Amino acid sequence: MSLIATRDQTPQTGRQIGGAARPRPGAPQGLTGGDLLRIVRKRMWMILLILLLCIVSAGVTTWLWLAYSPLYTAEADLVVNPPSSELRDTAALRTDEVERFKLTIMQMAKSDLVLQAALNRNEVKATQWYLANRERLVTALFDAVSITPIRDTTLLRLSMTGSDPREVAEIINAWANAFVDETEKLSTADTNRTIQRLRNQRQGMVDDLAKISSNIERILASRADTAPNIAQKMALLTQEIKKVEVQHKEAEDEFNKAQGEKAALLEKEANGLLDTAPEVTVVYDYDALLRQLNAEHQQLRSAVAGAESRGIDKSHPSYKDLLARLEANERHIDARESLLREGQVARIKLSYDSAMMQAKTLMDRHKQALEAMRAESRDLNLSLKQVESETVKMKTIEANLGLVDRRLLELDLQSRASRPVQVQRPASTPEKPSMPRWSIMMPVGVLLGLVFGVGLAFLLEFIDTSIKSPSDVSKRLELPMLGFVPHADDLDEEINDIRLAFATNPHSVVGESFRQIRTCVQFSAPAEQLQSLLVTSAQPGDGRTAVAMNLAAAFARNGKKVLVVDANFRQPAMEKLFPQCQNTGLSNALVSQCLWSDHVCEIEPNLSVLPAGPLPPNPAELLGSDTMRLLVSEMVAQYDQVIIDGPPCLLVTDAAVMSSIADGTVLVVRATSNTFGVVQRSRDILNRVNARILGVVLNGIRVTAGGYLRKNYRTFYEYHEPQLSLENKEE
């Protein structure tokens, strides 16, 4: 196994500050086959235990059932003797008629008449079963016995299951004998009289069918056609009627349109508006003489205007001549326009009259056609209804005829067979129980065990909302994985304090895990954009300090100068973890009591810590102040990497305040302890303050059946064995 992060675990580079990191597109969101297998492997012992319990229960139940209340099944076989038939000119019964006869016999076998006859026999009355079911004998016997056909034979099998082997055999034999006796009684003279009556009834139906057929032929002959053709003609005629109706409506619309336009024209003429109507004056544009007069009019007006501009006296002969010519021209124009208008009005009226006459002609023609087609449609519809009515009568009579034929067949079979049913094999007292059977009960126990075991495993998995593996983070939290840290109890190395695991055991699985986390953080963004990191979690005890210290040690071993700042004023950890540090720290620097650098304690080369100091009365206000921002800027100026160990973000607002100051935030999640809801609320809190969430560190992953890392710890140790051996020799 490699502890290097997969694509789902490594955050993408180039994310913007103030936005939560998102998983790569296409991340799986549902259960996969691997997830299902993991669930089964994880709870394999529980499934096996339930399976074993079900198998043992099935075995004990079977043994107790066999010991105290076994069931026995008695069986008897009847042979059915299908008689020959002379109906419909057949020499023997067809296969379907034989099967129908067998079904009829089976129905008769469980009739109240046969069952009551069996119950009246002395051997049945002497049984304990009879005494126990005295209140409902017929119903109890109907439910207790069964009759089934034996395939590809004329045999019927009668069976009954009960606790007394002798009684079930006696009851089955009594039922079989009673059934044989009752079938013999059915073959009497009354059957023949019924057959004759039904044959007479059948002949009457045949005569009625002939009359109906003759009526249908007569109706079709009058139309010289067939019923399907009549229906087809009806459909075509209906379409043609609709088409002519549309044409009639169009002609009517044309008529109304022409009539309306003519009325409007006459109204304009009556009101004296026709002279200026566009449809009348349009003729002016096409008259050459009028255009010539208008042109001459323009010339004369221009000449008059020119004379006036030159100062010619209005009494001058030339000026008077121009005015006279202009007046004569205007009279000619008026006369020409009047003549043109009269001609145009006459033409318009004539066009309206012509359109109305043409539309009226079409309307009359369509009306006549519609009347003829509708009359023909009524005749066709009447003929079709008569044919359909006669056809319905014919089908009803044919259906009744079929019922009569089936009844005749049944009666004919009864009358021709004196013993239609015989006992082929009587029931014997069963020696072995039929239920329970080991061959049935044990497989059922195995099946139930698997169903209950696997079902309970999946039920427990689905109601467990805790985060257990990196895949849970990718699927549900929409955050990338920076890495994971195995649980200390599952390691081969002895680590006294997981918070100092990287410093004491750098080549362990834990050390490799934090190298992976360091790599993922480095590739989250350029180094100058991630100089300050906040490590927080949802709840106390999730491992924030362990992640912060080990990540800081990983950066320090990589040649960076690192400062770890304890910003958890309520539960500081650095003072207890490093007794050599002072009792003063960040809180003293925030209230300007001293310089923060005076309280820095160097733990190892390139790694220093700044304790939290005394608990101030207002931690959130101090951490969100401008002083804190100034201190962080001074820290990143002196150190390559500043890692802030913050408080849990669900309990206090300190972490949310700090996340807006730090370049990036690492969210620590405790495997099997934190639930999806808790971590999602933490993520939402950080997103609301525009925190830059680099990703999630999943802490405390346990090695369990079907769990994460189970198969590959050994591979890791085998791969690093030469290096570990060399280090041990040097020590």
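Under the working numbering, think of the first position of the sequence shown as 732, with each following residue one higher.
Using N, Cα and C, we set each Cβ at its ideal position, and we do this for glycine too.
Since we're looking at a predicted model, the values are computed, not measured.
{"query": "Alpha carbon of V1252 to alpha carbon of L1264, nearest angstrom", "result": "10 Å"}
{"query": "I902 versus P1151 - alpha carbon distance", "result": "21 Å"}
{"query": "Spatial distance of C785 from G1176 (CA atoms)", "result": "5 Å"}
{"query": "Spatial distance of V1185 from I778 (CA atoms)", "result": "6 Å"}
{"query": "F910 versus M1125 - alpha carbon distance", "result": "40 Å"}
{"query": "Residues bridged to R1401 (per DSSP)", "result": "N1430"}
{"query": "Whether N1196 touches G1408 by CB criterion (8 Å)", "result": "A small fix is needed here, since residue 1196 is Thr in this sequence, not Asn. For T1196 and G1408, yes; Cβs fall inside 8 Å."}
{"query": "Neighbour-count burial assignment, F1245, 16 or more Cβ in a 10 Å radius", "result": "buried"}
{"query": "Contact check, R888 vs E806, beta carbons under 8 Å", "result": "yes"}
{"query": "Proximity of K1266 and G1377 at Cβ, strictly below 8 Å", "result": "Residue identity check: residue 1266 is Val in the sequence provided, not Lys. A contact, by the Cβ cut-off of 8 Å."}
{"query": "Length of the line joining the Cα atoms of M1104 and Q978", "result": "14 Å"}
{"query": "As assigned by DSSP and simplified to three states, the class of D1228", "result": "coil"}
{"query": "Anticipated Cβ contact below 8 Å, I950 with Q1117, distance rounded", "result": "5 Å"}
{"query": "Rounded distance between the beta-carbons of L1111 and K964, thought under 8 Å", "result": "6 Å"}
{"query": "Exposure label - E1073; buried when at least 16 CB within 10 Å", "result": "exposed"}
{"query": "C-beta atoms of M837 and V845 nearer than 8 Å", "result": "no"}
{"query": "Closest by C-alpha distance to T892, when choosing among E948, H1028 and D874", "result": "D874"}
{"query": "Same chain, Cβ closer than 6 Å to G991, neighbours up to 5 away in sequence not counted", "result": "none"}
{"query": "Residue from E1259, N864, F986 and E1107 with nearest C-alpha to V703", "result": "Coverage of the chain is limited to positions 732 through 1462, which leaves residue 703 absent and any answer about it impossible."}
{"query": "Outcome for H1330 when other beta-carbon atoms lying within 10 angstroms are tallied against a minimum of 16", "result": "buried"}
{"query": "Range of the contiguous alpha helix (DSSP H) that encloses L1190", "result": "W1169 to I1194"}
{"query": "N- and C-terminal bounds of the beta strand (DSSP E) containing P880", "result": "V876 to P880"}
{"query": "Cβ-Cβ separation, F1233 to A1285 (assumed contact under 8 Å), whole Å", "result": "6 Å"}
{"query": "Buried or exposed by the 16-neighbour rule on C-beta atoms within 10 Å, applied to D1052", "result": "exposed"}
{"query": "Boundaries (first-last residue) of the beta strand (DSSP E) holding P1345", "result": "That residue, P1345, is in no beta strand (DSSP E); it is neither H nor E in DSSP."}
{"query": "Cβ contact (3+ pairs, closer than 8 Å) linking the stretch 1118–1137 and the stretch 986–1002", "result": "no"}
{"query": "Cβ-Cβ distance between I926 and D1143 below 8 Å", "result": "yes"}
{"query": "Continuous alpha helix (DSSP H) stretch holding I1248: start and end", "result": "V1240 to Q1253"}
{"query": "CB of V1428 within 8 Å of CB of V1397, strictly", "result": "yes"}
{"query": "Per DSSP, the bridge partner or partners of E1516", "result": "Lying before the first or after the last residue shown, residue 1516 is absent from the chain, which here runs from 732 to 1462."}
{"query": "Terminal residues of the alpha helix (DSSP H) in which E898 lies", "result": "P896 to K916"}
{"query": "Delimiting residues of the alpha helix (DSSP H) encompassing V1388", "result": "D1385 to S1390"}
{"query": "Contact under 8 Å by Cβ, L1178 with A1269", "result": "no"}
{"query": "Pair within 8 Å by beta-carbon distance, S800 and S894", "result": "yes"}
{"query": "Sufficient close CB pairs (3 or more, under 8 Å) joining the stretch 1025–1036 to the stretch 1050–1065", "result": "yes"}
{"query": "Which listed residue (E828, W794, L783 and I770) has its alpha carbon closest to that of L1140", "result": "E828"}
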